[in-house]
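Following: one structure in structure tokens, then a few remarks.
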Amino acid sequence: MVLQILRVLITILDTSSDARTLAVACYDLSQFIQCHSAGRIIVNDLKAKERVMRLLNHENAEVTKNALLCIQRLFLGAKYASFLQA
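Going left to right, the sequence shown walks through residues -19 to -1, 1 to 67 as mature numbering (1 follows the signal peptide of the UniProt record, and there is no 0) numbers them.
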């Protein structure tokens, strides 16, 4: 069930052009990484990092902010990224 939701979020990152939708998808991925003990590994295995990295150059500041938060949590993991705020 969780993997299906993650796949939907990743599909949204690939297909959506709506800034709010992209920002929420990035935020949701970052929350999953933060809350799930194996979140980093699962998100990496689903190859979401590349998709989120592309959004770091998005013209919308909210998308960029949430993409950066997601990447930071992906690189640092929940243990070291707990101080990061959205």
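Each residue gets a CB set at the ideal place from its N, CA and C atoms; glycine is no exception. Being a predicted model, the structure only gives us computed values, none of them experimental.
Asked                                                                                : Found
Length of the line joining the Cα atoms of Leu10 and Asn41                           : 18 Å
Alpha carbon of Thr45 to alpha carbon of Tyr8, nearest angstrom                      : 11 Å
Neighbour-count burial assignment, Ala29, 16 or more Cβ in a 10 Å radius             : buried
Beta carbon of Ile52 nearer than 8 Å to that of Met34                                : yes
From Leu50, Arg54, His39, residue whose alpha carbon lies closest to that of Ser(-3) : His39
Cβ of Glu31 within 8 Å of any chain B Cβ                                             : Of the protein chains in this structure there is only one, and it is not chain B.
Helix, strand or coil at Asp9 according to DSSP, with G and I counted as helix       : helix
Neighbour-count burial assignment, Arg(-13), 16 or more Cβ in a 10 Å radius          : exposed
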